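Q: Chains as they are written, first to last, in my numbering: chain A, 1 to 380; chain B, 1001 to 1380.
Every residue, glycine too, gets a C-beta built ideally from N, C-alpha and C.
Keep in mind that this is a model prediction, so the values were computed, not measured.
Below is one structure. I have some questions about it.
2 protein chains.
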Amino acid sequence: MNALLPLPRSLRRPAEPGMPIAEVETPTLLVDLPALDRNIALLASYVQNRAPGVRLRPHAKTHKSPDVARRQIAAGAIGVCCQTVGEAEAMAAAGVADILLSNQIADAGKARRLAAIAGQSRLSVCVDDPSQVALLSDAAMAAGVTIHVLVELDVGGARCGVLSADAAVALARLIVGSPGLVFDGLQAYHGRAQHLRKPSERQAAIAEATRLAAAAAGQIRDAGIACPTITGAGTGTFAFEAASALYTELQCGSYVFMDADYARNERDDGADVPHFEQALTILTTVISTPLPDRAVCDAGLKAMSLDSGPPSLQLYPGLDYAGASDEHSKLTMHSPFALQVGQKIHLVPGHCDPTVAMHDWIIVHDGSTVTAVWPVARGW
Amino acid sequence: MNALLPLPRSLRRPAEPGMPIAEVETPTLLVDLPALDRNIALLASYVQNRAPGVRLRPHAKTHKSPDVARRQIAAGAIGVCCQTVGEAEAMAAAGVADILLSNQIADAGKARRLAAIAGQSRLSVCVDDPSQVALLSDAAMAAGVTIHVLVELDVGGARCGVLSADAAVALARLIVGSPGLVFDGLQAYHGRAQHLRKPSERQAAIAEATRLAAAAAGQIRDAGIACPTITGAGTGTFAFEAASALYTELQCGSYVFMDADYARNERDDGADVPHFEQALTILTTVISTPLPDRAVCDAGLKAMSLDSGPPSLQLYPGLDYAGASDEHSKLTMHSPFALQVGQKIHLVPGHCDPTVAMHDWIIVHDGSTVTAVWPVARGW
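Encoded structure:
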C-alpha cells in the first residue's frame, strides 16, 4: 500500500481503555469480555468432556479479530476457520498457527495470497472444482509451500460443494496427484441446519449430513486415499456433530457473541447443550424524541445488519423496535417508559457476523468501563 | 489515535490505477466514472435551467467520498450534506467549504467535533429538541466559532423533526437567543416519499410537505425571525421541490450512483425529469458451479446491503438471483447461459448508500481499466 495516498477515515477509535461506557461515541460495537470468556470456556469444556477426540476450530468470520482468536486458542482450540483471505492474513500475521479457509477461491491473485499464508501457518482450503485445484497447486509450487486441501461436500446447505461421493473421490485423486498440495479430507458443513428452530429438525439434518459424509469418506478410503479430517458444525448443531463419531473438527463461530436470531432457536434442555450468553451489543444514543411514544436513535442499517431480522430490545421492557433507515432506528415507547435525548441504550443485533463486519473496532468492556479496543480485520 | 496500536486490516487496496477490471480482487465496489460524471452534470444542469435560484447540496451519505464531492462542487453544488460527524470531518479535511449535517446530535463529544469543523468550513446542523440547542451553543462558545442551525420539521417522514409550526417557532426563538448559534431555517426532507413508486404519489407527498414547511416558515417570519433556508428533497422527488417556489436547497444523493431500488420507481416521462445511469456495481467472482443451473459468487451480505431487496442481474439475461449468505450469493443459470468458475460479473446493489458503507475503497474505472482508487469515509 502506498502510504502517501489518502486513507479511509475509519481509523478513528470511538473509545479508549478506561473510558466509562456512557462516554463511548455511538453507534459502536461493544463486547462484554467476561461474557465472551465464559462462552469460550463453556464450548471448550463441552467439547473436551463430551467429545474428547474432536478438535475445536472456531470460525473467525464471526469476530474477524485476532484478539478473540487468541482467547479461543488459549482455551484449547487448535486454530481457526476463516471465510476470506483477508481474515486468514490477519490471523496468520497475529501468529495463529493453523488456519482453514472454509471456502473456495477462484483466482490466481487469491491463490498467491494463500500460498504466502502457507509459508507462515498450516493452511488448508476447500475445493469443489478441478480448476481450483490447479490454481492452488500452481501457487504452492511457485511459493515453495504446502497447501492442505479439503473437498467440500454439499450435505444439505445447497450452496458450494460436490453433490456425490464419486465426485469427491475424483477431486481427492486430483489433489493427491497435484504437486504442492496435501489432501486432508472433507468439509461437510450444513449451514442451513443452524437456524432450523426445533432441535429435532437440526438433529435430523445433521444425521443426514453425517450419512452423506461417511459415505463419501468411505469411498475415498476405498480408493486408497487417507481421509483424516471431517470438518463442519456451527453454533446451532455442534452437539450433533460432536456426538456423530464421524466429524473430527467443529467450526462453531457465533457462540462467542450470540445474536437475536440464534436466541430464537428452540433448545432441547434435556440434551445438556451449553447455553451461551449474549456478549455483543450495539451501543446507540437517543437523538430525538419527537412524540411521547417515539424515540429515534443513531444506529441504523449502516451499523447493524437486519438480514436475519431487527435487533432485539430484550434489555428494555417497554420498548419496541419500529424500523430502521441508514443511520436511524425508530423505537416505540410504551408508557411509563420514556427515553431521553442523549440517553444511551444497547441493541442486540439480529445477526452477529455481518454486523461485526460493518465496524472497524470492537470496544471491549467489563459492564461499566472500556478495557480494550480490538481492531476488526475487515475487507477481503 | 495511537499509531502504535494495531490497525484494522481494511486498508488493503483491491486494485491500483492501470489495472484491467478483470484483475481487480473481489468483492469490490466499482464506479463507472464517465457515468458518474454524466449523472453529476445532468442534475446540475437540470437545477440551473429549471430552478435557477435553488441551490444544489448533494448528500454525501451516499458516497462518503471527498473525491465525488469535489466533482459535484465543480459542477455547481454549493457544498454537501452529511449524515454523520465522521463524514463531515472527512469533507472539511478535503476542503469542502459548506457542510450541512442533516441530522441531530445529542452528546457533548459530537458537539465538540462539530465545533471543530465549524472552525474550518461553514457548518450547519439540524435540531428538533431544546437539549440539542444547548449542546451546540456550549460547544460553539467553547471553540469560539459560529454554528448554523436548522429546525427539522417532520413533513411526513415520521422519524425526527418537530410536528407543529408552533414547536418550530419555539425552537427558532431558542436558537436566536443562544450564543454561538445562527438560525438558518428549516430542514423539510421527506424520506418516505423518495421510494413511493408512482410519480403522482411522490408529487402529492411533496405538495403536502411544501404546505407544512410554508406554514412553519410563515409563522417563524411572523415572529420576526428571518428564515432564509428551506432544505430537503432526494433523488425520487427533487423535481417537485425544485418547482415548489419554496425550497431553497436540494439534497439529492443517490443520483450519482443509482441502485436497483431507485430503478423500480416509475418515471413520469412527460415531466422531462433527468434519467440517471447506474454508475455503481459490485464486482464479484464465480467461485463454484456445483450444478448446471447453480453458480455461487463471492459477494454476499457483507459486501452489499439487501435491505431494499436483492441486487439486480439486469446486465445478464439468463441469470436469476437466488439468495445471499455472509460471503456468497447463489445465482440460477438458465440454459444456455453458463458461468464458469473464475469468471467475474457485475451486480447492481439493491440500495447504494449502505452498500458503499461496507467498503473502504471505491474502485473507479472507465469501462475497462481502473483509473483511480478513492477512499470511503467510513465510521461515525
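#1: What does A:Ser-312 pair with, by DSSP beta-bridge criteria?
#2: Let me see if you follow: with CB-CB separation under 8 Å, is A:Ile-287 close to chain B or not?
#3: Anything in chain A within Cβ reach of B:Asp-1107, meaning under 7 Å, just list it in chain order.
#4: Mind checking whether B:Ala-1140 and B:Gly-1079 have CB atoms under 8 Å apart?
#5: Alpha carbon to alpha carbon, how far is B:Pro-1052 from B:Cys-1352?
#6: For A:Ser-121, which residues in chain B fall below 7 Å Cβ to Cβ?
#7: Beta strand (DSSP E) containing A:Lys-110: first to last residue?
#8: Would you kindly work out how many angstroms separate the C-alpha atoms of A:Pro-349 and A:Met-304, rounded to a whole number?
#9: Using a Cβ-Cβ distance cut-off of 8 Å, determine whether B:Met-1019 contacts chain A.
#10: Is the separation between the beta-carbon of B:Val-1169 and that of B:Val-1149 shorter than 8 Å?
#11: So, are the CB atoms of A:Ala-395 and A:Ala-69 less than 8 Å apart?
#12: Whose Cβ in chain A lies nearer than 8 Å to the Cβ of B:Gln-1219?
#13: Along chain A, which residues have their Cβ under 8 Å away from the Cβ of B:Leu-1033?
#14: Between which two residues does the alpha helix (DSSP H) containing B:Tyr-1262 stretch?
#15: I think B:Phe-1276 touches B:Met-1258, with their Cβ atoms under 8 Å apart; what is that distance to the nearest whole Å?
#16: Are B:Lys-1344 and B:Thr-1285 closer than 8 Å when you measure CB to CB?
#17: Using a C-beta to C-beta distance shorter than 7 Å, which residues of chain B count as neighbours of A:Asp-154?
#18: Measuring straight from C-alpha to C-alpha, what distance separates A:Ala-357 and B:Ile-1225?
#19: Please report the residue range of the alpha helix (DSSP H) in which B:Ala-1187 lies.
#20: Just how far apart, CA to CA, sit B:His-1063 and B:Ala-1093?
#21: Starting from A:Gly-323 and walking both ways along the beta strand (DSSP E), at which residues does that stretch end?
#22: Taking only runs of the beta strand (DSSP E) that begin and end inside the region 1046-1126 of chain B, which ones reach a length of at least 3 residues, in chain order?
#23: Which residues in chain B sit within 9 Å of A:Glu-241, going by Cβ to Cβ distance?
#24: Tell me whether the beta-carbon of A:Arg-113 lies closer than 8 Å to the beta-carbon of A:Asp-98.
#25: Listing by chain order, which chain C residues have their CB less than 7 Å from the CB of B:Met-1304?
#26: Identify whether A:Glu-201 lies in helix, strand or coil by the three-state DSSP scheme.
#27: From this set, B:Glu-1327, B:Arg-1378, B:Val-1373 and B:Thr-1355, which residue's C-alpha is nearest A:Cys-160's C-alpha?
#28: Taking B:Arg-1012 as the reference, give the member of A:Ile-40, A:Ser-254, A:Leu-29 and A:Glu-89 with the closest Cα.
#29: Do B:Ala-1279 and B:Ala-1035 have their CB atoms nearer than 8 Å?
#30: CA-CA distance, B:Leu-1030 and B:Ile-1362?
#31: Quick one: grab the DSSP three-state call for A:Asp-293.
#32: Could you check which residue in A:His-359, A:Thr-289 and A:Asp-366 has the C-alpha nearest to that of A:Ser-329?
#33: To the nearest angstrom, how far is it from the Cα of A:Asp-107 to the Cα of B:Ala-1295?
#34: Any heavy atom of the ligand PLP closer than 7 Å to the Cβ of A:Asp-184?
#35: Measure the C-alpha to C-alpha separation of A:Leu-5 and A:Ile-230 and round it to an integer number of angstroms.
#36: So is A:Asn-2 buried or exposed if we call it buried at 16+ other beta carbons inside 10 Å?
A: The short version:
#1: A:Val-348
#2: yes
#3: Thr-285 and Gly-342
#4: no
#5: 29 Å
#6: Within chain B, not a single residue places a beta-carbon under 7 Å from that of A:Ser-121; the smallest gap is close to 15 Å.
#7: Per DSSP, A:Lys-110 belongs to no beta strand (DSSP E); it is in the alpha helix (DSSP H), 108-118.
#8: 6 Å
#9: Contact with chain A is absent for B:Met-1019, since none of that chain's Cβ atoms lies less than 8 Å from the residue's Cβ.
#10: The criterion of a C-beta distance shorter than 8 Å is not satisfied by B:Val-1169 and B:Val-1149.
#11: Nothing in the structure corresponds to residue 395 of chain A, since chain A is present only between 1 and 380.
#12: Listed along the chain, the chain A residues whose CB falls inside 8 Å of the CB of B:Gln-1219 amount to none; the nearest CB is some 18 Å away.
#13: Within chain A, no residue comes near B:Leu-1033; the closest Cβ sits about 17 Å away, beyond 8 Å.
#14: 1260-1263
#15: 5 Å
#16: yes
#17: Pro-1290
#18: About 47 Å.
#19: The identity of residue 1187 of chain B in the sequence shown is Gln, whereas the question assumes Ala. B:Gln-1187 -> not in any alpha helix (DSSP H); beta strand (DSSP E) instead, spanning 1181-1187.
#20: Their backbone Cα atoms lie some 16 Å apart in a straight line.
#21: 319-325
#22: 1080-1082 and 1098-1101
#23: Close partners of A:Glu-241 in chain B (Cβ separation under 9 Å) are lacking, with about 19 Å as the shortest Cβ gap.
#24: no
#25: Of the protein chains in the structure, A and B, none is chain C.
#26: Residue state, collapsed to three classes: helix.
#27: When only C-alpha atoms are compared, the closest one is B:Glu-1327.
#28: A:Glu-89
#29: yes
#30: 6 Å
#31: coil
#32: For A:Ser-329, the closest alpha carbon among the candidates A:His-359, A:Thr-289 and A:Asp-366 is that of A:Thr-289.
#33: Distance between the alpha carbons of A:Asp-107 and B:Ala-1295 is about 16 Å.
#34: This structure does not include the ligand PLP; it has no bound ligands of any sort.
#35: Model confidence at A:Leu-5 stands at a pLDDT of 46, short of 50, so the residue's coordinates are unreliable; what they give is reported in the following sentence. A direct Cα-to-Cα measurement between A:Leu-5 and A:Ile-230 gives close to 45 Å.
#36: Only weak support is given to the placement of A:Asn-2: the predicted model assigns it a pLDDT of 37, under 50, and the value that follows is read from those uncertain coordinates. It counts as exposed.
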